[in-house]
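Okay, structure first, notes after.
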Amino acid sequence: MSTEARSNFLKTQIQSDLDTGGARQLVTRFPPEPNGFLHLGHAKSITVNFELAKQFGGQCHLRFDDTNPEKESQVFIDAIQEDVRWLGYQWHGEVRYASSYFQQLYDWALHLIDEGLAYVCDLSADEAREYRGSLTAAGRDSPHRSRSIETNRDIFERMRAGEYPEGSRVLRAKIDMASPNINLRDPILYRIRKAHHHQTGDAWPIYPTYDFAHGQEDAIEGVTHSICTLEFEDHRPLYEWFIEHLPVPSRPRQIEFARLNTSYTMTSKRKLKQLVDSKAVDGWDDPRMPTLAGLRRRGYPPAAIRHFCEEVGTSRSDSVVDVAMLESAVRNQLNAEAPRVMAVLNPLSLTITNREKPEVLAVANHPGDESMGTRSVPFTPDLYIDAADFREEANKKYKRLVIGKRVRLRGGYVIEADRCDHDSSGEVSHVYARVVEGTLGEDPPDGIKAKGVIHWVSATAGLNAEIRCYDRLFSDPNPSKAEDMMTLLNAKSLVRLEHAVIEPSLATAAGEAVYQFEREGYFVADRYDHTHEKPVFNMTIGLRDTWSDSRG
RNA sequence: UGGGGUGUCGCCAAGUGGCAAGGCAGCGGGUUUUGAUCCCGCCAUUCGCAGGUUCGAAUCCUGCCACCCCAGCCA
599 MSTEARSNFL KTQIQSDLDT GGARQLVTRF PPEPNGFLHL GHAKSITVNF
649 ELAKQFGGQC HLRFDDTNPE KESQVFIDAI QEDVRWLGYQ WHGEVRYASS
699 YFQQLYDWAL HLIDEGLAYV CDLSADEARE YRGSLTAAGR DSPHRSRSIE
749 TNRDIFERMR AGEYPEGSRV LRAKIDMASP NINLRDPILY RIRKAHHHQT
799 GDAWPIYPTY DFAHGQEDAI EGVTHSICTL EFEDHRPLYE WFIEHLPVPS
849 RPRQIEFARL NTSYTMTSKR KLKQLVDSKA VDGWDDPRMP TLAGLRRRGY
899 PPAAIRHFCE EVGTSRSDSV VDVAMLESAV RNQLNAEAPR VMAVLNPLSL
949 TITNREKPEV LAVANHPGDE SMGTRSVPFT PDLYIDAADF REEANKKYKR
999 LVIGKRVRLR GGYVIEADRC DHDSSGEVSH VYARVVEGTL GEDPPDGIKA
1049 KGVIHWVSAT AGLNAEIRCY DRLFSDPNPS KAEDMMTLLN AKSLVRLEHA
1099 VIEPSLATAA GEAVYQFERE GYFVADRYDH THEKPVFNMT IGLRDTWSDS
1149 RG
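Here the first sequence is numbered in our numbering, starting from 599 and rising by one per residue.
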């Protein structure tokens, strides 16, 4: 996969700004509000900001945009930092908080009042909405718009002192109630919130709004390029208005890009919460969730997520990226780095009738990377193979074990099946086969080659394991467009296999270690539930499959 | 019907007046002790539509059309 940086409008613009001296060194920032868990969409934003800083030799800050205490908490602050680090990024300097700038923001609000550019408005929320007008009709001036500077200063200072109840008044910028851009119709700068803040405690009874805070936060930190998503485009004139009318230490610039949407996925916080609350999934870090915690538990390597974000590109057009692209990035990464092992998901007993003594085979850990070495795999007379790998009879396209035919046991001998037993319901319950001598690392001496290769595990030395097979959470490519997404849930998004058997080398697997179970897919030792006594693996992603039972 | 955006292969996406990159998906073929990987090949005479300017247009102009965002004291 190419890590070659492809051109995009952000890089072009930044290069131009750097060339013309608009900025000496690039400074970006990832500014989440600590009110929820990070998901794939955030990963895109994180990658964009950190990679840009890396590419241009600049720096990227992590700043919590914590201006609305009622929705925020320390739990999210901690989780977000862990997720950003897990993704592979380290922000420049200390973690920053919008709340650290509350005093400066307050002083700047006073500055606007003194300049006659802000006023206290006593309209209720409902009245304010009515005065704001509509998309097609201009708004009307608030009756409090012409208060004197002295009066505004006095009331605002009392707001700050906590003298008024919530909702009783707000501070507004005096811009233009008739602007076709509704964000410019005297936007609210401060509202009264008698809420305990996770960082500032009870120091403030008033809190700045996003619009009044964000650009100034950027300016304080020397952020040169404030990169956000398209829905903030209409806010840019306001962002610039504050920068122009306030004595800020630098002049940041806002640039917007299209947020990442992925098919078969949904990243609305509200809907994700619905999935958790309704128990459709097992929590915010369920392996089927698009949260970073979920992707992590699923076994998606951070490098794969980064590559995916790079490959998808950054543009300004609304789009829905095929989730197959993400899956491809994951396979790509794992193919290179995951050691190979064998595990039988649906065990079928197979007895080797011409062997009595156990043997130990040395099997390569990676077919294309000798440096990954070999491991010992016990080969005993009693084995398990997957039920799907045996048929009493089959056509020529079936390249697995068939009575009277040969197949190679991966990493071991070629065997030939002789007969099988059936259970009371007629299902095959036991297969009997023979080793074809002289086939360890060699083709059969008689020239009759094996039809294919199947994986296996010693029944006596193998370990029982729980394997959780995951599939896409939704069966529809566009769940977020649906009236009721719950009807679009994939009923088979989780299949628990309680009786899988894994090869003994896996006894020492560490939590979060990812392996390729040969011929099946990539599986990760669950970071919470996996123990050496009771192994639990999650299916990260299956191997690419260009063959299906319908063809054979 | 106000304002702001976006339209290039099934899905992303480069391209910035000189004659359509790349990835994903798909389809052929080869190698293979994973029906994986890997390797080779195929996959837009055409850039939302219609006009115009130009020797030359996806790129410039005009007019349409479609889709997305905005009326929180959320971010």
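Ideal Cβ placement from N, Cα and C applies to all residues, glycine included.
All values reported here derive from a predicted model rather than from experimental measurement.
Exposed or buried, what is residue i when buried is set at 16 or more other beta-carbons lying within 10 Å of its beta-carbon?
| i | result |
| --- | --- |
| Gly-1150 | Residue confidence for Gly-1150 is low, a pLDDT of 39 falling below 50, so the modelled location carries little weight and cannot support an answer. |
| Leu-636 | buried |
| Thr-1152 | The structure shown does not extend to residue 1152, since the chain is modelled only from 599 through 1150, so no value can be given for it. |
| Ser-1114 | Here residue 1114 turns out to be Gln, not Ser, going by the sequence shown. Classification of Gln-1114: buried, given that the 10 Å Cβ count is 16 or more. |
| Pro-1043 | exposed |
| Asp-984 | buried |
| Ser-697 | buried |
| Gly-955 | Checking the displayed sequence, the identity of residue 955 turns out to be Lys instead of Gly. Classification of Lys-955: exposed, given that the 10 Å Cβ count is below 16. |
| Ser-1148 | At Ser-1148, the pLDDT of 46 sits below 50, so the modelled position is not reliable and the matter cannot be decided from this model. |
| Asp-987 | buried |
| Pro-741 | exposed |
| Asn-952 | exposed |
| Arg-894 | buried |
| Gln-653 | exposed |
Could you have a look at residue i and say whether DSSP puts it in helix, strand or coil?
| i | result |
| --- | --- |
| Trp-882 | coil |
| Thr-601 | Note on Thr-601: pLDDT 41, under 50, position unreliable in the model; the coordinate value appears next. If DSSP states are grouped into helix, strand and coil, Thr-601 belongs with coil. |
| Gly-1150 | Low confidence applies here, because Gly-1150 scores a pLDDT of 39, under 50, leaving its location unreliable; read the following figure in that light. Reduced to three states, the DSSP call for Gly-1150 is coil. |
| Phe-810 | helix |
| Asn-750 | helix |
| Glu-1110 | coil |
| Thr-1144 | coil |
| His-794 | coil |
| Ala-941 | strand |
| Ala-771 | strand |
| Ser-824 | strand |
| Tyr-862 | coil |
| Met-887 | coil |
| Arg-683 | helix |
| Gln-872 | helix |
| Lys-1132 | coil |
Just how far apart, CA to CA, sit residue i and residue j?
| i | j | result |
| --- | --- | --- |
| Val-874 | Arg-1070 | 16 Å |
| Ser-1078 | Met-864 | 6 Å |
| Glu-748 | His-795 | 30 Å |
| Tyr-837 | Gln-852 | 8 Å |
| Ile-962 | Arg-896 | Looking at the sequence provided, one finds Ala at residue 962 rather than Ile. Cα to Cα, Ala-962 sits roughly 25 Å from Arg-896. |
| Val-879 | Arg-886 | 7 Å |
| Asp-1124 | Val-958 | 28 Å |
| Leu-858 | Leu-932 | 23 Å |
| Ile-675 | Ser-947 | 51 Å |
| Glu-1116 | Arg-622 | 52 Å |
| Ala-1059 | Val-1051 | 21 Å |
| Glu-1131 | Gln-702 | 57 Å |
| Asp-1127 | Ala-1107 | 12 Å |
| Glu-990 | Thr-827 | 58 Å |
| Lys-1003 | Ala-1031 | 10 Å |
| Arg-1017 | Arg-1008 | 21 Å |
| Thr-610 | Gly-911 | 13 Å |
| Glu-842 | Asp-1074 | 47 Å |
Any heavy atom of the ligand MN closer than 7 Å to the Cβ of residue i?
| i | result |
| --- | --- |
| Ala-759 | By its list of ligands, the structure shown contains no ligand whatsoever, and the ligand MN lies outside what it can speak to. |
**OP:** May I ask you to verify whether the stretch 707 to 724 touches the stretch 768 to 776, counting CB pairs closer than 8 Å and requiring at least 3?
**Re:** Between the stretch 707 to 724 and the stretch 768 to 776 there are three or more inter-stretch CB-CB distances shorter than 8 Å, so the stretches are counted as touching.
Original post:
Mind pulling the beta strand (DSSP E) runs of 3 or more residues that sit fully within the stretch 948 to 1030?
Top reply: 957 to 962, 972 to 977, 980 to 984, 1004 to 1007 and 1012 to 1020
Original post:
How about the stretch 898 to 906 and the stretch 1081 to 1091: do they share at least three Cβ pairs that are nearer than 8 Å?
Top reply: no
**OP:** Can you check the stretch 702 to 735 for any alpha helix (DSSP H) of at least 4 residues that lies completely inside it and give the ranges in chain order?
**Re:** When DSSP assignments are scanned along the stretch 702 to 735, the uninterrupted stretches of alpha helix (DSSP H) that are 4 or more residues long and fall wholly within it turn out to be 723 to 730.
**OP:** Taking only runs that begin and end inside the stretch 1036 to 1092, name each unbroken beta strand (DSSP E) of 3 or more residues, in chain order.
**Re:** Taken in chain order, the complete beta strand (DSSP E) segments of 3 residues or longer contained in the stretch 1036 to 1092 are 1054 to 1056 and 1061 to 1068.
Original post:
Does the stretch 649 to 668 touch the stretch 684 to 697, meaning 3 or more C-beta pairs lie closer than 8 Å?
Top reply: yes
Subject >> Segment contact, 8 Å Cβ cut-off, at least three pairs: the stretch 971 to 990 with the stretch 1100 to 1112 >> reply: yes
Subject >> Stretch-stretch touch, CB-based, cutoff 8 Å, three pairs: the stretch 626 to 636 with the stretch 749 to 767 >> reply: Contact fails: fewer than three Cβ-Cβ distances are below 8 Å.
Original post:
Between the stretch 610 to 630 and the stretch 815 to 824, do three or more beta carbon pairs fall short of 8 Å?
Top reply: With the cut-off at 8 Å, the stretch 610 to 630 and the stretch 815 to 824 touch.
Original post:
Using 8 Å as the threshold, is the stretch 866 to 883 in touch with the stretch 1045 to 1061, meaning 3 or more CB pairs across them?
Top reply: Judged by Cβ distances under 8 Å, the stretch 866 to 883 makes no contact with the stretch 1045 to 1061, as fewer than three pairs qualify.
Original post:
Does the pairing of the stretch 908 to 928 with the stretch 936 to 945 give three or more beta-carbon distances under 8 Å?
Top reply: no
**OP:** Would you check if there are 3 or more beta carbon pairs closer than 8 Å linking the stretch 776 to 787 to the stretch 728 to 742?
**Re:** yes
**OP:** Mind the definition here: the stretch 662 to 671 touches the stretch 620 to 628 only if three or more C-beta pairs lie below 8 Å; say whether that holds.
**Re:** no
Original post:
Between the stretch 665 to 673 and the stretch 640 to 649, do three or more beta carbon pairs fall short of 8 Å?
Top reply: Output reads no: the stretch 640 to 649 does not touch the stretch 665 to 673.
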